[in-house]
Amino acid sequence: MAIDALTQQPALLRVKRSRESQSALMWRRFRQHHLAVWSLWIVVAFYLVALLAEFLAPLGPGDYNPRYTYAAPQGIHFFSTDENGNWQFGPYVYGYKTEIDPVALRRTFVIDEEVKIPIAFFVPSEPYRLAGFIPMSIKLFGVTEPRAPLYVLGADRLGRDLLSRLIHGTRISLSIGLVGVVMSLFFGVIIGGFSGYYGGWFDGAVQRVIEFIRSLPTIPLWLGLAAALPRDWSSLQIYFAITIILSLVGWTELARVVRGRFLALRTEDFVTAAQLDGASDWRIITKHMVPSFMSHIIAAATLAVPGMILAETALSFLGLGLQAPIVSWGTLMQEAQNIRTLASAPWLLLPGVAVVVVILALNFLGDGLRDAADPHGR
Amino acid sequence: MTPLTPMADRPLLTIEDVEIAFSSPDEADIVAVRQVDLTLTPGKTLCLVGESGCGKSVTARAVLRLLDHNATISRGRILFTPPGEETVDIATLKPDSLAMRKIRGNKVSMIFQEPMSSLSPVHTIGDQIDEMIILHEGLKPKQARERTVSLLDQVGIPGPRERADAYPFQLSGGLRQRAMIAMALACTPNLLIADEPTTALDVTTQAQILDLLKKLQDDYGMAMLFITHDLGVVAEIADDVAVMYLGDVVEQGNVFDVFRAPRHPYTQALLRSIPTMARKADRQRLSPIKGTVPSAKDRPEGCAFTSRCPYAFEPCAGIRPERTRVGEGHTARCHLLTQNAPVAEAMA
Amino acid sequence: MLRFLTGRLFSMVVTIWAVSFVAFAIIQLPPGDYLTTYLATISAQGERADPRAIEALRQQYGLGQPYLVQYWKWITGIVLHGDFGRSFEWNAPVTELIWGRLGNSILLEGLAVVVMWFVALPIGVYAAVRKYSLGDYLATIFGFLGLAVPNFLFALVLMYLGYVWFGTTLGGLFSPEFENARWSLPRIWDFFSHAWAPIVVLATAGTAQLIRIMRANLLDELKKPYVTTARSKGLPEWKVILKYPVRVALNPLVSTIGWLLPTLVSSSVIVSVVMNLPTAGPMLLRSLTSQDMYLAGAIIMLLGVLTVIGTLISDLILAWIDPRIRYGGN
Chain A
1 MAIDALTQQP ALLRVKRSRE SQSALMWRRF RQHHLAVWSL WIVVAFYLVA
51 LLAEFLAPLG PGDYNPRYTY AAPQGIHFFS TDENGNWQFG PYVYGYKTEI
101 DPVALRRTFV IDEEVKIPIA FFVPSEPYRL AGFIPMSIKL FGVTEPRAPL
151 YVLGADRLGR DLLSRLIHGT RISLSIGLVG VVMSLFFGVI IGGFSGYYGG
201 WFDGAVQRVI EFIRSLPTIP LWLGLAAALP RDWSSLQIYF AITIILSLVG
251 WTELARVVRG RFLALRTEDF VTAAQLDGAS DWRIITKHMV PSFMSHIIAA
301 ATLAVPGMIL AETALSFLGL GLQAPIVSWG TLMQEAQNIR TLASAPWLLL
351 PGVAVVVVIL ALNFLGDGLR DAADPHGR
Chain B
1 MTPLTPMADR PLLTIEDVEI AFSSPDEADI VAVRQVDLTL TPGKTLCLVG
51 ESGCGKSVTA RAVLRLLDHN ATISRGRILF TPPGEETVDI ATLKPDSLAM
101 RKIRGNKVSM IFQEPMSSLS PVHTIGDQID EMIILHEGLK PKQARERTVS
151 LLDQVGIPGP RERADAYPFQ LSGGLRQRAM IAMALACTPN LLIADEPTTA
201 LDVTTQAQIL DLLKKLQDDY GMAMLFITHD LGVVAEIADD VAVMYLGDVV
251 EQGNVFDVFR APRHPYTQAL LRSIPTMARK ADRQRLSPIK GTVPSAKDRP
301 EGCAFTSRCP YAFEPCAGIR PERTRVGEGH TARCHLLTQN APVAEAMA
Chain C
1 MLRFLTGRLF SMVVTIWAVS FVAFAIIQLP PGDYLTTYLA TISAQGERAD
51 PRAIEALRQQ YGLGQPYLVQ YWKWITGIVL HGDFGRSFEW NAPVTELIWG
101 RLGNSILLEG LAVVVMWFVA LPIGVYAAVR KYSLGDYLAT IFGFLGLAVP
151 NFLFALVLMY LGYVWFGTTL GGLFSPEFEN ARWSLPRIWD FFSHAWAPIV
201 VLATAGTAQL IRIMRANLLD ELKKPYVTTA RSKGLPEWKV ILKYPVRVAL
251 NPLVSTIGWL LPTLVSSSVI VSVVMNLPTA GPMLLRSLTS QDMYLAGAII
301 MLLGVLTVIG TLISDLILAW IDPRIRYGGN
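Residue numbers (full-length UniProt numbering), protein chains in the order written: chain A, 1 to 378; chain B, 1 to 348; chain C, 1 to 330.
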């Protein structure tokens with residue numbers, strides 16, 4: 001008995017170590033993709049912004065000020081020179097002055113370099129709840145003088161701060177990507193899993209359905225479904241309804257990946273061994289097969305997120321996705337639909353830059369994960 | 001032994017001390033072929049034998065300059081003398097130069113191992129053969145097709161006119177290889193390089209293809225460089241044989257001399273590892289060569305076979321053995337043949 | 001070939017039937033039916049509807065009857081009489097409204113496909129043959145941008161730049177004077193002077209994808225032994241590459257039209273809204289927001305059918321260029 005215990009212990013240890021080295025191998029392979037690592041940090045940063053939106057955004061998403069409609073971006077200046085010409089750290093923004101546009105005979109706000117408005121960090125604010133439940137009354141940065149304008153990235157037609165709205169929109173747009181993918185994953189793994197594991201007519205039928213859905217143009221379909229949502233639904237209901245609509249198409253790609261892995265694994269020896277041991281199908285699927293292709297699923301799911309974000313943005317941009325009180329990148333872009341508005345306030349396109357950066361980062365991250373998911377590949 | 005026609009003795013292709021190196025961005029260069037000397041004469045077949053990865057295919061491709069971009073012929077000459085023409089050193093030609101392209105397919109042609117993947121899947125057999133005739137002989141498509149059909153007939157493809165319009169996937173492996181041979185012969189080359197042409201075929205087809213090649217060689221009088229790892233095939237088709245080991249030609253000579261009295265320990269070991277038909281009493285145990293082929297990176301500076309040679313002694317690892325003449329047209333590279341070592345007698 | 005063709009045709013018919021079912025489901029989704037909306041609009045305009053006409057319409061569309069009966073009436077109307085129902089917003093049969101707009105959609109999408117191929121092929125071939133060259137890296141960067149920039153954003157940026165640099169509004173497909181004119185050389189010129197912008201926007205994403213696919217396919221093919229065979233024949237290098245590996249790499253590229261087309265149709269809807277093009281897209285959006293469901297359903301269905309037909313055409317082209325499919329080989 002004692003001898004057994006002695007001889008078994010090192011064996012167990014060895015197994016554990018080799019398992020660690022497996023994930024370490026994946027991590028090492030992932031780290032070789034510098035672009036993917038950078039993308040990981042960018043994605044993490046964006047999701048942090050989404051999480052801490054209330055703290056990071058100097059103003060609320062709906063705070064408006066009709067005195068500053070379409071105010072141009074102020075930018076932030078970090079160093080100022082005093083009278084003696086010495087550099088000094090002290091972030092500030094310039095104020096605005098009104099000018100009458102001689103052509104359009106319209107009031108416009110231009111940067112007034114005479115007025116410097118200092119910016120302070122950790123300024124007290126109205127009490128709010130961070131992420132919906134942590135009570136706080138401090139913001140990362142803001143103006144110290146009450147009523148002083150702060151439009152780092154400019155203002156929209158109601159004089160709302162674009163930066164604050166962008167930060168709040170990040171939360172909605174990124175979360176809709178995640179929720180949509182989780183939902184797609186739920187359907188995809190179940191349907192694709194059964195399809196790949198059992199094969200036969202069920203597999204055939206599922207394959208036909210997937211082919212059919214993928215042969216349809218998605219935007220008209222989504223528009224048709226989104227247009228049918230009752231007008232009196234609350235923002236939250238609309239939000240979830242839109243994610244479900246996006247998942248209706250989104251599950252197909254994930255189901256295909258899962259099915260492919262299942263087909264490949266079904267004939268593997270360790271699955272046959274488990275079957276011979278009398279393990280139930282459910283147990284084989286959840287304990288043996290899913291863990292062995294978890295990494296593939298994670299990579300496929302990561303690659304599915306950008307599609308979701310793009311779809312939400314497109315739907316909301318067309319006015320049939322999320323509706324006005326909700327701030328998302330799509331609803332923000334809707335403000336930029338009119339070319340004349342755009343010509344006088346091009347900064348309204350900035351949410352598009354956020355979209356592009358996140359989509360690129362998620363794609364690089366997904367590619368890196370996919371390559372790393374196969375540590376023995378190549 | 002006096003040659004009747006002095007022309008026949010003039011070598012068609014002489015490979016002299018060729019070295020071929022592969023470069024890669026992250027690693028040191030790999031010398032796949034280290035020292036190769038070969039001589040081919042018209043009407044004769046030289047078999048290049050060796051294990052996979054010993055550099056025999058690389059050598060063959062070097063003759064047509066078909067190596068990948070990262071490969072360079074870092075030393076040596078490949079002298080090609082078509083009958084009645086000047087000698088050219090193929091090693092100095094640019095791979096995509098006009099001079100090289102005039103040799104390819106026209107003077108020297110090649111057949112490959114995999115008849116399926118070596119033919120384009122989306123062009124008909126006829127198109128692929130016509131193209132070569134049109135390119136080198138400037139015939140009109142219609143005349144070229146006539147030539148193609150007669151070539152297909154010559155290599156024993158039944159219904160050649162219809163088969164010319166077939167795609168490779170519509171033919172069996174044997175017919176595909178016959179079509180490949182027809183293509184190689186389209187411009188009556190002086191030299192045919194066959195890179196393991198029978199390896200992917202089943203045994204009966206293999207024998208038919210070998211017979212066909214022998215017959216065609218007689219008809220066309222061309223020289224043939226035949227690459228194989230199968231000593232049975234060598235015995236079947238070769239006039240001369242060259243044995244390669246890890247980038248070096250270790251022994252070359254008339255096939256009867258080499259098979260009867262191999263002088264290099266590797267050739268000896270190789271021949272001992274083939275099963276022979278014998279009466280029960282005469283049977284010997286097969287003796288496989290001990291150890292495994294090291295990679296080109298771990299090759300000793302001296303003789304490549306050192307690590308597996310039963311007779312290895314001091315100079316072997318460090319000094320490259322000279323090419324030693326051991327008989328009429330029979331050479332080998334081994335220190336045992338030049339230095340008076342005690343094992344020399346034991347080996348002979 | 002015949003078996004392949006009948007098989008493809010059969011599956012196309014089934015797919016189109018499924019599309020029609022989905023389209024009808026979308027028609028039925030909003031609360032109320034066509035007549036309630038119709039009556040609401042009419043009474044909102046302060047007019048009274050003719051009860052007899054209403055009853056006739058009720059009969060015609062099977063309103064109030066079970067779902068399948070309504071579907072049957074709708075689909076037989078389309079198949080037998082080409083009747084897609086009425087648009088209450090325009091107060092006209094749907095058929096009168098959609099064909100011109102669909103024609104414009106097809107024209108734009110077709111041109112976008114052509115541009116895609118003409119741009120993507122040479123770039124993809126170049127990127128594969130000169131792997132890791134500067135041009136290859138540029139093509140890769142372009143590929144990633146095409147992937148990440150939403151087409152409506154690209155359209156907006158293009159319009160903004162056009163407005164700021166040239167003071168013109170890009171948008172529409174025709175100048176007013178050519179709007180309803182017959183096709184003639186000046187009208188074609190007018191069309192292209194307007195249409196280049198949406199075509200560029202529509203083609204960009206697809207071009208980026210095609211370049212990626214072409215590059216990957218060709219890199220695979222360049223390693224194959226038949227390329228060496230072609231070189232051993234003595235062909236010049238450019239001819240070797242164009243005649244053999246490029247030709248083989250084209251086949252999978254053709255089959256990508258099958259999934260490129262749905263995306264293209266999708267993006268043409270949204271790009272048309274942004275650039276104010278007289279295609280089916282803006283009409284679909286408008287009909288959906290005003291719940292003009294017969295019009296919306298017809299457009300959704302026809303866009304779906306168009307995609308299916310486009311996919312069939314790409315399958316036929318594939319069979320035409322690839323003997324392995326034509327002869328049922330492997």
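Beta carbons are placed, not taken as given, at the ideal position from N, Cα and C, and that holds for glycine. On a predicted model such as this, the values are computed, not experimentally measured, just so you know.
What separation, rounded to the nearest whole angstrom, lies between the Cα atoms of residue i and residue j?
i: B/Ala242; j: B/Val255; result: 9 Å
i: B/Gly327; j: B/Gln252; result: 10 Å
i: C/Gly304; j: C/Thr311; result: 11 Å
i: A/Asp156; j: A/Ala324; result: 14 Å
i: B/Glu314; j: B/Arg333; result: 16 Å
i: C/Ala18; j: C/Trp99; result: 22 Å
i: C/Trp196; j: C/Ala112; result: 9 Å
i: C/Pro150; j: A/Leu248; result: 21 Å
i: A/Ile245; j: A/Ala226; result: 7 Å
i: B/Glu162; j: B/Leu185; result: 20 Å
i: A/Tyr229; j: A/Ile172; result: The displayed chain sequence assigns Leu, not Tyr, to residue 229 of chain A. Near 19 Å, if we compare the C-alpha coordinates of A/Ile172 and A/Leu229.
i: B/Phe259; j: B/Gly55; result: 21 Å
i: B/Leu216; j: B/Gly43; result: 10 Å
Does chain C have any CB closer than 8 Å to the CB of residue i?
i: B/His136; result: yes
i: B/Tyr311; result: no
i: B/Gln284; result: no
i: A/Ile339; result: yes
i: A/Val356; result: yes
i: A/Pro73; result: no
i: A/Thr302; result: no
i: A/Ala324; result: no
i: B/Tyr220; result: no
Is the shortest distance between the beta-carbon of residue i and the beta-carbons of chain A less than 8 Å?
i: C/Trp183; result: no
i: C/Pro176; result: no
Counting along the chain, where does the alpha helix (DSSP H) carrying residue i start and finish?
i: C/Asn276; result: Here C/Asn276 belongs to no alpha helix (DSSP H), and DSSP marks it neither H nor E.
i: C/Ile54; result: Pro51 to Tyr61
i: C/Phe144; result: Leu134 to Ala148
i: A/Asn363; result: Leu350 to Ala372
i: B/Lys102; result: Leu98 to Ile103
i: C/Asn251; result: Pro245 to Ser255
Whose CA, out of the options, lies closest to the CA of residue i?
i: A/Thr218; options: A/Leu315, A/Asp371, A/Gly352 and A/Leu365; result: A/Leu315
i: B/Pro310; options: B/Asp282, B/Arg325, B/Thr267 and B/Arg320; result: B/Thr267
i: A/Gly95; options: A/Trp87, A/His77, A/Pro346 and A/Pro306; result: A/His77
i: B/Glu114; options: B/Val88, B/Met180 and B/Lys56; result: B/Met180
i: A/Pro220; options: C/Ile141, C/Leu288, C/Trp259 and C/Gly124; result: C/Leu288
Mind checking if residue i is an interface residue toward chain B, Cβ cutoff 8 Å exclusive?
i: C/Thr228; result: yes
i: C/Ser232; result: yes
i: C/Asp220; result: no
i: C/Arg247; result: yes
If you measure from the beta carbon of residue i to each beta carbon in chain F, is any gap under 8 Å?
i: B/Asn106; result: Absent from the structure is chain F; the protein chains it does hold are A, B and C.
Taking 8 Å as the cut-off, does the segment 229-246 of chain C touch the segment 174-191 of chain A (at least 3 CB pairs, one atom from each stretch)? no
Would you call the segment 165-176 of chain A in contact with the segment 328-340 of chain A, where contact means no fewer than 3 C-beta pairs closer than 8 Å? yes
With contact counted as at least three CB pairs below 8 Å, one residue from each stretch, are the segment 251-258 of chain C and the segment 89-100 of chain C in contact? no
Taking contact to mean at least 3 C-beta pairs separated by less than 8 Å, is the segment 142-152 of chain B in contact with the segment 120-129 of chain B? yes
Inter-stretch contact (C-beta, 8 Å, three-pair minimum) for the segment 26-42 of chain A and the segment 60-76 of chain A: no
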